[in-house]
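Structure record follows, encoded as structure tokens.
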Amino acid sequence: MERVSAFDEPLKKLLGGPTAKVMADHLDLHTVGDLLHHYPRRYEERGRLTALTDLPLDEHVTVVAQVADARVMTFNGGRGRRLEVTLTDGSGRLQLVFFGHGVHKPHKELLPGRRAMFAGKVSVFNRKLQLAHPTYQLLDVRDEDEATEAADAFAGQLLPIYPACKQLDSWRIAKAVDTVLPGAGEAVDPLPASLRDGRGFVSLPEALLKIHRPHTKADVAAARERLKWDEAFVLQVALARRRHSDTELPATARRPVPGGLLDAFDAGLPFTLTDGQRTVTDEIFRDLATEHPMHRLLQGEVGSGKTLVALRAMLRVVDAGGQTALLAPTEVLAQQHHRSITEMMGELAENWGLWREAPLDEGRRPGDGRAPGGSHRGTKVVLLTGSMGTAARRQALLDLVTGEAGIVIGTHALIEDKVKFHDLGLVVVDEQHRFGVEQRDALRSKGKQQPHLLVMTATPIPRTVAMTVFGDLETSVLDQLPAGRSPIASHVVPAKDKPHFLDRAWERVREEAEGGHQAYVVCPRIGDDTDEAAEKKGKKRDAPAGDAADDAEKRPPLAVLDVAAQLARGPLAGLRVEVLHGRMPPDEKDDVMRRFAAGRVDVLVATTVIEVGVNVPNATAMVIMDADRFGVSQLHQLRGRVGRGSAPGLCLLVSEAHEASPARARLSAVAATLDGFALSRIDLEQRREGDVLGQAQSGVRSSLRVLSVIDDEEVIAAAREEAVRIVADDPALERLPELRTALDALLDKDREEYLDKG
6 MERVSAFDEP LKKLLGGPTA KVMADHLDLH TVGDLLHHYP RRYEERGRLT ALTDLPLDEH
66 VTVVAQVADA RVMTFNGGRG RRLEVTLTDG SGRLQLVFFG HGVHKPHKEL LPGRRAMFAG
126 KVSVFNRKLQ LAHPTYQLLD VRDEDEATEA ADAFAGQLLP IYPACKQLDS WRIAKAVDTV
186 LPGAGEAVDP LPASLRDGRG FVSLPEALLK IHRPHTKADV AAARERLKWD EAFVLQVALA
246 RRRHSDTELP ATARRPVPGG LLDAFDAGLP FTLTDGQRTV TDEIFRDLAT EHPMHRLLQG
306 EVGSGKTLVA LRAMLRVVDA GGQTALLAPT EVLAQQHHRS ITEMMGELAE NWGLWREAPL
366 DEGRRPGDGR APGGSHRGTK VVLLTGSMGT AARRQALLDL VTGEAGIVIG THALIEDKVK
426 FHDLGLVVVD EQHRFGVEQR DALRSKGKQQ PHLLVMTATP IPRTVAMTVF GDLETSVLDQ
486 LPAGRSPIAS HVVPAKDKPH FLDRAWERVR EEAEGGHQAY VVCPRIGDDT DEAAEKKGKK
546 RDAPAGDAAD DAEKRPPLAV LDVAAQLARG PLAGLRVEVL HGRMPPDEKD DVMRRFAAGR
606 VDVLVATTVI EVGVNVPNAT AMVIMDADRF GVSQLHQLRG RVGRGSAPGL CLLVSEAHEA
666 SPARARLSAV AATLDGFALS RIDLEQRREG DVLGQAQSGV RSSLRVLSVI DDEEVIAAAR
726 EEAVRIVADD PALERLPELR TALDALLDKD REEYLDKG
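Okay, structure coming up:
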């Protein structure tokens, strides 16, 4: 029987059932290796007290501090007892409170002058920060027989502070790490010896010892440098192997067909393509002409013309006899794409019936395997969504299987088993971060061979994120706006501090409408029965209300239905105000958007369903209510809906956030620049990295613990170069079994599924 490595031993065997269960349930730690990769997030130096002045409210914290005073108070006529302990670090103070039977032990131990490590959730009572019933560990009380040995060992050490949870404090995790630390000696080192020696890295077992039990700050630095490389390198090897395997797959080359749909489309364009659009299209066309599947990411600024580039690629494939599918995340967006693509194509989308009458020798009859709609006369553009009527859906499915539809635009409905294509040649995925990898690959599997893949994202991505999240894709960037796009002025409207600014905002909307233009008003919430039920449920879970300022901050986000009614009765009375949100019936949503696009609606009060894909050049103003409730990149996307015509755009960011708050700082950053790439970097710096990265690919981020994609660009780039070199030389990693073993061990189930997809 094969011996289980100490690294793979279940924690239950070493730590016991209760502790192991808490680690599994609350920290997702199951084996010795999992715990050894659960690194301290910071270290306390013995002799230096933790700063108490910057403790975050409502967060679980660990502090090292000294007891300044302690006293027992009575209440309820002497029947109740409360222990109040004040901690100090020389610059700030923190109050601890213990009740009932919990008073006795800390009353004996937490005497003035004693130092200890405390953990609990920071709250406010009588306008003072406090920890209620914190757990603690004394740092300077020891048995006499171990005092000398402990003093020597403890004096020079850094105290690791681990990411913890309410059920398991940092020092208890530290004790558990002490128990499993001998298992670090059996860690499989993923870095090839030549790479490790060439860069002067410590071994992996040594790095694990130094990260958990450092003697100096230099130990921490050496360990973190090594462990960052592990994370970057293993991920880049996995992505490089996927890129390499993709080059081995066969695909049908889709080469140019002179005089086809693409030439006819280009000839009818009323504008000249930008240099950026031409460059990116040439990159895509080169990929389509090869006999291996294209895997390309198309990203760019709001309004840079990504849909136009994607359509030209689709027409190239249709000309060459294939079909194309555009996968959109929502019905509203699918309908918008269908409408905009149909409008861009004009008669090329509408005159499908003409070529069906063409003579057989033209090679244009549907279903003969040569050209689904591939002529200058036109092709059928089909919409397929889950809410379509039976007859329309049946016709759409028939158009796909016979090949009559050269272009299909749809939602998740495209992935269903009953959807069959005649010859799927290109899959375009819009807003990739809203799809699971399995959904994307389910559509790609519908081709006779691997179809070419174009992933579009309207959110500009920093280079480091592109390398780590979309590292299996070649990247094309559109960073040039088409001629004629107007500038967008953005301003923060501090509704709480200066309510007259909000009054002026509505005056500006009215001025735009009276000048023949239109406006959007965006709210974070719908405000219907579903919203109200969720709100009531949330209120039941909330703690008792605090002071008025807290209540104002905790109010529900403003809702579309409420705001629309208030505007129609008040500041925008007399204007044509309508609503749009995701829970409206599809035909109603479509009708509202058609009338707004036709200029028959002055003000559209909507949720973020208008975030991408909506193109109404006559819309010049946007007011975003509770703007601080949106992310930086999302605000940038929303703002991109105005200024799409010849008239300048105006975006007003309404917020009740305090002027000095981080939320207002985010809004000021958005107002200060139209550079989406700069904003995406700010977004990544200000938010938790996992939130940003987790949107982009399911399961790709679980192993990043010390690597920061915003701060470690050099590490990521260097690891990518090394990974490409190694995989090119040894794709199966036959000569690097340790790397292969570590790759398998470090990739969780979701990421294995992601990376194993063709």
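FYI, in the numbering used here the residues of the sequence shown are 6 to 763.
Ideal Cβ positions, reconstructed from N, Cα and C, are used throughout, including at glycine.
Keep in mind it's a predicted model, so treat the numbers as computed, not measured.
Item to complete: Determine the DSSP secondary structure at residue 372, reduced to helix, strand or coil.
Response: As a position in the sequence shown, residue 372 is number 367, starting the count at 1. Only weak support exists for where residue 372 lies, its pLDDT of 36 falling under 50; the coordinates are left without a value.
Discussion item. Using a Cβ distance threshold of 8 Å, determine whether the segment 620 to 640 contacts the segment 659 to 666, with at least three qualifying pairs required.
Written reply: yes
Worksheet item: Is the segment 27 to 42 touching the segment 97 to 108 in the sense that three or more CB pairs, one from each, lie closer than 8 Å?
Response: no
Item to complete: Pull up the DSSP beta-bridge partners for residue 385, would you.
Response: In the sequence shown, counting from the first residue as 1, residue 385 sits at position 380. According to DSSP, residue 385 bridges with 410.
Worksheet item: Which residues in the same chain have their Cβ closer than 6 Å to the Cβ of residue 167, if we skip the five residues on either side of it in sequence?
Response: Within the sequence shown, residue 167 is the residue found at index 162, counting from 1. So the qualifying residues of the chain are 45, 175 and 178.
Item to complete: Could you check which residue in 655, 199, 163 and 32 has the C-alpha nearest to that of residue 512?
Response: For this step, residue 512 is matched to residue 507 along the sequence shown. Residue 655 is the option with its Cα nearest to residue 512.
Worksheet item: Roughly how many angstroms lie between the CA atoms of residue 375 and residue 282, to the nearest whole one?
Response: Taking the first residue of the sequence shown as position 1, residue 375 is located at position 370. Taking the first residue of the sequence shown as position 1, residue 282 is located at position 277. Legend: pLDDT at residue 375 = 39, less than 50; position of this residue unreliable, value from coordinates given subsequently. Between the alpha carbons of residue 375 and residue 282 lies a distance of about 29 Å.
Item to complete: Given a cut-off of 8 Å, decide if residue 394 and residue 324 are closer than it, judged by their beta-carbon atoms.
Response: For the purposes of this step, residue 324 is taken as the residue at position 319 of the sequence shown. For the purposes of this step, residue 394 is taken as the residue at position 389 of the sequence shown. For residue 324 and residue 394, no; Cβs fall outside 8 Å.
Item to complete: Assign residue 475 to one of two classes, buried (16 or more other C-beta atoms within 10 Å of its C-beta) or exposed (fewer than that).
Response: Within the sequence shown, numbered from 1, the residue matching residue 475 stands at position 470. Result: buried.
Worksheet item: DSSP three-state call for residue 23: helix, strand or coil?
Response: Indexing the sequence shown from 1 puts residue 23 at position 18. Residue 23 falls in the helix class under three-state DSSP.
Fill in: Segments assigned beta strand (DSSP E), at least 3 residues, entirely inside the segment 709 to 757
none
Worksheet item: Is it right to say residue 392 is buried, meaning 16 or more other beta carbons lie within 10 angstroms of its own, or is it exposed?
Response: What you label residue 392 is simply residue 387 of the sequence shown in a count that begins at 1. Exposed is the call here.
Discussion item. Just verifying my parser: in three-state terms, what is the DSSP assignment at residue 126?
Written reply: Numbered from 1 along the sequence shown, position 121 holds the residue referred to as residue 126. Three-state DSSP puts residue 126 in a strand.
Worksheet item: Between the Cα of residue 713 and the Cα atoms of 189, 202 and 233, which residue gives the shortest distance?
Response: Along the sequence shown, read from residue 1 onward, the residue named residue 713 stands at position 708. For residue 713, the nearest C-alpha among the options comes from 233.
Practice prompt. Would you mind sorting residue 630 into buried or exposed? The rule is 16 or more other CB atoms within 10 Å of its CB.
Written response: Counted from its first residue, the sequence shown places residue 630 at position 625. Buried: at least 16 other Cβ atoms inside 10 Å.
Worksheet item: Which first and last residues belong to the beta strand (DSSP E) in which residue 78 is found?
Response: Taking the first residue of the sequence shown as position 1, residue 78 is located at position 73. Where residue 78 is concerned, the enclosing beta strand (DSSP E) stretches over 65 to 80.
Worksheet item: According to DSSP, is residue 297 helix, strand or coil?
Response: If you number the sequence shown from 1, residue 297 lands on position 292. Coil, per DSSP.
Fill in: Proximal residues to residue 710 (C-beta, below 8 Å), its chain only, five neighbours per side dropped
The residue given as residue 710 occupies position 705 in the sequence shown. Once the five neighbours on either side are set aside, the close Cβ partners of residue 710 are 42, 43, 44, 232 and 236.
Worksheet item: Is the closest heavy atom of the ligand GDP to the C-beta of residue 719 under 7 Å?
Response: This structure simply doesn't include the ligand GDP, nor any ligand for that matter.
Fill in: Inter-residue Cα distance where the pair is residue 431 and residue 330
For this step, residue 431 is matched to residue 426 along the sequence shown. For this step, residue 330 is matched to residue 325 along the sequence shown. So the two alpha carbons sit approximately 6 Å from each other.
Discussion item. By DSSP's criteria, residue 499 is part of a beta bridge. Which residues make up the other side?
Written reply: In the sequence shown, residue 499 corresponds to position 494, counting from 1. Residue 499 pairs with 660.
Worksheet item: Candidates 134, 424, 214 and 340: which alpha carbon is nearest residue 187's?
Response: The count along the sequence shown starts at 1 and reaches residue 187 at position 182. Per the Cα distances, 214.
Worksheet item: Taking just the CA atoms, how far does residue 410 sit from residue 465?
Response: Locating residue 465 in the sequence shown gives position 460, counting from the first residue. Locating residue 410 in the sequence shown gives position 405, counting from the first residue. Straight-line Cα distance between these residues: approximately 32 Å.
Item to complete: Could you check the C-alpha separation between residue 21 and residue 182 for me, to the nearest Å?
Response: Taking the sequence shown and counting its residues from 1, one reaches residue 21 at position 16. Taking the sequence shown and counting its residues from 1, one reaches residue 182 at position 177. The alpha-carbon atoms of residue 21 and residue 182 are separated by roughly 13 Å.
Worksheet item: How many Å lie between residue 381 and residue 262 at the Cα?
Response: Along the sequence shown, read from residue 1 onward, the residue named residue 381 stands at position 376. Along the sequence shown, read from residue 1 onward, the residue named residue 262 stands at position 257. Because residue 381 carries a pLDDT of 49, less than 50, the predicted location of this residue cannot be relied on, and no value is offered for it.
Item to complete: Compare the beta carbon distance of residue 302 and residue 471 with 8 Å and say whether it is the shorter of the two.
Response: In the sequence shown, residue 302 corresponds to position 297, counting from 1. In the sequence shown, residue 471 corresponds to position 466, counting from 1. Going by C-beta atoms, residue 302 is nearer than 8 Å to residue 471.
Worksheet entry | Separation of residue 226 from residue 255, as counted between CA atoms | Within the sequence shown, numbered from 1, the residue matching residue 255 stands at position 250. Within the sequence shown, numbered from 1, the residue matching residue 226 stands at position 221. If I take the Cα positions, the gap works out to 46 Å.
Practice prompt. Check each candidate in 563, 293 and 595 and name the one with the smallest Cα separation from residue 459.
Written response: As a first step, residue 459 is located in the sequence shown; it is residue number 454 there, counting from the start. Among 563, 293 and 595, the Cα nearest to that of residue 459 is on 293.
Practice prompt. Provide the residue(s) that pair with residue 457 in DSSP beta bridges, ordered along the chain.
Written response: Residue mapping note: residue 457 aligns to position 452 of the sequence shown, counting from 1. Its beta-bridge partners are 431.
Worksheet entry | DSSP-derived helix/strand/coil call for residue 14 | Position 9 of the sequence shown, counted from the first residue, corresponds to residue 14. Coil.
Worksheet item: What is the residue span of the beta strand (DSSP E) that residue 347 lies within?
Response: Here residue 347 refers to the residue found at position 342 when the sequence shown is read from its first residue. No beta strand (DSSP E) holds residue 347; the alpha helix (DSSP H) holding it covers 336 to 350.
Worksheet item: Three or more beta-carbon pairs under 8 Å between the segment 328 to 343 and the segment 482 to 499, yes or no?
Response: no
Worksheet item: Nearest to residue 523 by CA position, among 581, 639, 566 and 307, is which residue?
Response: Locating residue 523 in the sequence shown gives position 518, where the first residue counts as 1. Closest by alpha carbon: 581.
Worksheet item: residue 682 by DSSP, collapsed to three states: which one?
Response: Position 677 of the sequence shown, counted from the first residue, corresponds to residue 682. Residue 682 falls in the helix class under three-state DSSP.
Practice prompt. Would you grab the beta carbon distance between residue 498 and residue 510 for me? Rounded to a whole angstrom, and I think it's under 8 Å.
Written response: Your numbering for residue 498 matches position 493 in the sequence shown. Your numbering for residue 510 matches position 505 in the sequence shown. Contact between residue 498 and residue 510 holds: CB atoms are separated by about 5 Å, below the 8 Å threshold.
Worksheet item: Using the C-alpha atoms, what's the distance from residue 289 back to residue 252?
Response: As a working mapping, residue 252 is identified with position 247 in the sequence shown. As a working mapping, residue 289 is identified with position 284 in the sequence shown. Roughly 15 Å between the two C-alpha positions.
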